[in-house]
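*Asks:*
Chains as they are written, first to last, in UniProt numbering: chain A, 1 to 482; chain B, 1 to 482.
1) Note down, in chain order, every chain E residue with its Cβ under 7 Å from the Cβ of residue 34 (chain A).
2) Excluding the 5 residues preceding and the 5 following residue 239 (chain B) in the sequence, name in chain order all residues of the same chain whose CB lies nearer than 7 Å to its CB.
3) For residue 305 (chain B) and chain A, any beta-carbon pair shorter than 7 Å?
4) Note down, in chain order, each residue of its chain lying with its Cβ closer than 6 Å to the Cβ of residue 227 (chain B), except the 5 sequence neighbours on either side.
5) Among the candidates A:244, A:197, A:203 and A:248, whose CA atom is the shortest distance from the CA of residue 229 (chain A)?
6) Using a beta-carbon distance below 7 Å, is residue 99 (chain B) in contact with chain A?
7) Going by the CB atoms, is the gap between residue 455 (chain B) and residue 199 (chain B) shorter than 7 Å?
8) Can you round the beta-carbon distance between residue 426 (chain B) and residue 413 (chain B) to whole angstroms, since I take them to be within the 8 Å contact cut?
9) If contact means a Cβ-Cβ distance below 9 Å, which residues of the segment 73–96 of chain A contact chain B?
10) Looking at residue 472 (chain A) and residue 431 (chain A), is the spacing between their C-beta atoms short of 7 Å?
11) Evaluate the contact criterion for the segment 45–59 of chain B versus the segment 78–90 of chain B: three or more CB pairs, one atom per stretch, below 8 Å.
12) I need the boundaries of the beta strand (DSSP E) containing residue 224 (chain A), first residue and last residue.
13) Within 7 Å (strictly less), CB to CB, does residue 156 (chain B) reach chain A?
14) For residue 39 (chain B) and residue 12 (chain A), I'd like the C-alpha separation in whole angstroms.
15) Could you tell me how far apart the beta carbons of residue 474 (chain B) and residue 453 (chain B) are, in whole angstroms, since I believe they sit closer than 8 Å?
16) With a threshold of 7 Å between beta carbons, is residue 319 (chain A) in contact with chain B?
17) Taking the alpha-carbon positions, what's the residue 2 (chain A) to residue 399 (chain A) distance?
18) So that I know if they touch, is there some Cβ in chain B lying closer than 7 Å to that of residue 57 (chain A)?
19) Among the candidates B:192, B:141, B:441 and B:411, whose CA atom is the shortest distance from the CA of residue 429 (chain B)?
20) Any idea which residues DSSP pairs residue 214 (chain A) with across the strands?
21) What do you reckon, are the CB atoms on residue 163 (chain A) and residue 117 (chain A) nearer than 7 Å?
22) Mind listing the chain A neighbours of residue 29 (chain B)? Cutoff is C-beta to C-beta under 9 Å, in chain order.
23) Buried or exposed: residue 307 (chain A), going by 16 or more other Cβ atoms within 10 Å of its Cβ?
24) By the criterion of Cβ-Cβ separation under 9 Å, what are the contact partners of residue 46 (chain B) in chain A?
25) When the Cα atoms are used, what is the spatial distance from residue 297 (chain A) to residue 337 (chain A)?
26) Excluding the 5 residues preceding and the 5 following residue 122 (chain B) in the sequence, name in chain order all residues of the same chain whose CB lies nearer than 7 Å to its CB.
27) Keeping to the same chain, check which residues put their C-beta closer than 7 Å to that of residue 71 (chain B); ignore five residues upstream and five downstream.
28) Measuring only between beta-carbons, confirm whether residue 144 (chain A) sits less than 7 Å from chain B.
29) Alpha carbons only, please: which of B:190, B:171, B:125 and B:201 is nearest the one belonging to residue 395 (chain B)?
30) Please look up how many angstroms separate the CB atoms of residue 8 (chain B) and residue 16 (chain B), rounded, as I've assumed it's under 8 Å.
31) Which value, in whole angstroms, describes the spacing of the CA atoms of residue 468 (chain A) and residue 237 (chain A)?
32) Three-state secondary structure (DSSP) at residue 54 (chain B)?
33) Would you kindly work out how many angstroms separate the C-alpha atoms of residue 549 (chain B) and residue 176 (chain B), rounded to a whole number?
34) Nearest CA to the CA of residue 210 (chain B): which residue from B:367, B:293, B:303 and B:259?
35) Report the rounded CA-to-CA distance for residue 385 (chain A) versus residue 370 (chain A), giving the unit in angstroms.
36) With a threshold of 7 Å between beta carbons, is residue 40 (chain B) in contact with chain A?
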């Protein structure tokens, strides 16, 4: 049994727990023979597809339309925005040959697609009538990261990138809020992952952006993980790619742009890490590939048929009600093995059906998140499952929020900052705003980073910087990060 | 208006018609600055997503599960199956650099993923319990084609690849039939594209396969287009990648494999080409991004509000009924311009609402496929739309089948073959079975190719080869192709 289940505690050794869950729950396989590129197995792909669907639905509600741009970006496009190329070029994969021939110019595998999209935007945007333009694509991107970790940092990873163009900066800034709301609706409301939406300090913004805003969640080991980000690109790319429009006033103007990237990989990592427990994955019903699993239990061959008959009826009834249900009638595994396996995979609801259930017209319902069982009358089953759908998500949100809040502490003195970071906390503190101070803090604390200010934060007089003691203009969040 | 609409007739100049539809209906943009790589615009992406969904649903019904494998395949994987590498290597794109560094070994952009999947199958398949293994992925693939044509032949194109492994050859052969049925259910039943499912001659099979079966449709210019294919891989890859299982009899055996590739790009091309008319796209409702468009018509400002009010009510009612509806209330365009634009884009149903419709409690319903209008009472509208959903698809199927059948002729003599191919027909003819004869036919007819035999065809005595006069063992289909 030890080989089947997770052998470490999530709270004691998160890193090992995470690796074991990814492998034992059948999520990723790391044995593919290119370093940093992983195989996404079916259970993971089904979860990821559900998450994509949530984001795409929300994006489309706010006027975004799907597109698909080429994977490859010519080197000359990259060169157009100076900061952007400096930021990304060191980690770009280059296609240089086709068959036996050397290509005339190198082609980058998209590390992000600003320089592909905006090349076309210069054709597509001519008049104020063409604005706003709001497009997104759901794709893999490629970066030659030195250290990789599945679903957290990869050389190939899945995301969405939404690229929007507006007539005014004000509309672009409103888009930043809409993006934040998009993150909240999916990441928090549907997936139960709490986050802070922070405006990054100037030295930590996206290469080529005027301003970067990002959602940080806190992983079980206390390190924060950036799970989505949105950038106020100002008119930098518009000028680099000559994206202009004839405004109503007859004047030709550069557009204002934003880009938004929900990190599908990392959101999935956070989902796994934050809700999971020592038995494995714990999934909300809305993303669970199987929402309800039915396990028949019988010890005598003579009981088999009546138990299975009831199971099949339940299966049909539950499917009819619109749920993803699986009757696990495999004979080569014991009920106990199945219990463990489906718990490992995070199936939210398990129904146990034995002779007693047949005779009493009931089902034993096991709830994965609380790991409790209760008897439910057959006639109540569907309404019970409907209720669980909401209850389970609410329970996961409650727990996640409790954990998240417990991991944020306030500090006003250097020792408090050090102590908090040492014990895996995120620190809210007055800050002088100087990059040198942030660098010093990072070095002294072995990685504590200034993550930024809350989006509506106003600069002011906030006493003394908790780190250097200089006058504080900001309240920032500081944490170690992935 | 000529700039807005298609300026050539599909029957007179299909090639130009196709280019204009792709561009004017807002499907692809060819101006991206890498040759052979196209931008998929929103209208196309929505159609493609619907087609993907149909295939994925059908694949999952027959036990396939989704996965995602890395884009890059190390050169050594390629080398393992000799025919496969010979077939694909000349057109592979190679990643050779990351940042400033040269990679230790070249990585191929997947031209197809046998050599990625089966590398992992050697880990995943150990016992008969692991079989059958049926996995698919929905991805872009990359081939450095010399001549490209959007949605027909690209350096980057969209498809699905399903890779299945079985304990016996018999099961693998059954899978070929299941794949054919999958193609029939989606390509014919849902999309109304007729095709012949043919067993390719030995010299035209997939590199690395024992046998190739493929669906050929006929494009409006009479050339056939292969839109899906499935391959009996035998045990070739199993031996190359050492994919074995311990069978129930205690013996270790190689698996039998198949792979199936619905060509999403080409199926979309066929959908556009076969159903379209001189006004533009004609879409069945099941893939139309907008199924019903409502165009308000008023000439006096005083009529505007009551017309729009009715439009909004209809919009809400139609959306409520589950349809994708769009109320085109844009004031910068005339009703006539809107009519043309939505016809160009292939919206199946247009509702025209003017003062008369308001006063009589009716709607004028325009059906894109037949280009006819009729008055429908408001109270009948939803049931009318429901009926159209089926009627339109049936009409498209009827027409497509009629065209398809009219393009297949029987020939028994060389002159008949020549004449048929010259006039854009597919020829059904007795054939000797020799590759040299097929080569001669191809050269003499400027491209007529032996496409293969029907799947259930049995060899026998079929008189004389229509081309060379030698004894005929086969009845084959011959056509010029894309």
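Glycine included, every Cβ here is placed at the ideal spot set by N, Cα and C.
Note that the structure is predicted; figures quoted are calculated from it, not measured.
*Replies:* Result, derived from the coordinates:
1) Looking for chain E here will not work: the only protein chains present are A and B.
2) If we look at residue 239 (chain B) and ignore the five residues flanking it on each side, its Cβ neighbours are 254.
3) Answer no: the Cβ-Cβ gap between residue 305 (chain B) and chain A never drops below 7 Å.
4) Excluding residues within five positions, the ones whose Cβ falls inside 6 Å are 215, 217, 263, 266, 267 and 270.
5) Checked all of A:244, A:197, A:203 and A:248; the closest Cα to residue 229 (chain A) is A:197.
6) Between residue 99 (chain B) and chain A, the shortest Cβ-Cβ separation is below 7 Å.
7) The answer is yes: Cβ separation under 7 Å.
8) Actually they do not touch by this definition, with Cβ atoms about 17 Å apart.
9) Under the 9 Å Cβ criterion, the segment 73–96 of chain A contributes 73, 74, 76, 77, 89, 90, 91, 92, 93, 94, 95 and 96.
10) Contact flag set, yes.
11) No, the segment 45–59 of chain B does not touch the segment 78–90 of chain B.
12) 224–234 is the span of the beta strand (DSSP E), which, as asked, contains residue 224 (chain A).
13) Put simply, the CB of residue 156 (chain B) is near chain A, with a gap under 7 Å to one of its CB atoms.
14) Their backbone Cα atoms lie some 49 Å apart in a straight line.
15) Contact annotation, residue 474 (chain B) with residue 453 (chain B): C-beta distance approximately 6 Å; criterion of less than 8 Å satisfied.
16) For residue 319 (chain A), the answer is no, since every Cβ of chain B falls outside 7 Å of its Cβ.
17) Residue placement at residue 2 (chain A) is flagged as unreliable, the pLDDT there being 43, under the threshold of 50; the coordinate-derived value follows with that caveat. If you take the alpha carbons of residue 2 (chain A) and residue 399 (chain A), they lie about 27 Å apart.
18) Chain B, which has no Cβ nearer than 7 Å to the Cβ of residue 57 (chain A), makes this no.
19) Cα-wise, what sits closest to residue 429 (chain B) is B:411.
20) Note: residue 214 (chain A) is bridge-paired with A:198 and A:229 in the DSSP secondary-structure output.
21) Against a cut-off of 7 Å, the Cβ pair of residue 117 (chain A) and residue 163 (chain A) comes out as a contact.
22) Under the 9 Å cutoff, chain A gives 120, 123 and 124.
23) So residue 307 (chain A) counts as buried.
24) Chain A residues near residue 46 (chain B): 65 and 66.
25) Roughly 12 Å separates the two Cα atoms.
26) In chain order, 241, 242 and 243 place their CB closer than 7 Å to the CB of residue 122 (chain B), counting only its own chain and leaving out the 5 sequence neighbours on each side.
27) In its chain, beyond the 5 residues on either side, 109 and 110 have a beta carbon closer than 7 Å to the beta carbon of residue 71 (chain B).
28) Answer yes: the Cβ-Cβ gap between residue 144 (chain A) and chain B drops below 7 Å somewhere.
29) When only C-alpha atoms are compared, the closest one is B:190.
30) Right, the Cβ-Cβ distance comes to about 5 Å (below 8 Å), so this counts as a contact.
31) Using only the alpha carbons, I get a separation of about 37 Å.
32) Per DSSP, reduced to three states, the secondary structure at residue 54 (chain B) is helical.
33) Any answer about residue 549 (chain B) is impossible in this case: the structure gives chain B only from 1 up to 482.
34) Answer by Cα proximity: B:259.
35) The alpha-carbon of residue 385 (chain A) is positioned some 15 Å away from that of residue 370 (chain A).
36) At a cut-off of 7 Å between beta-carbon atoms, residue 40 (chain B) makes contact with chain A.
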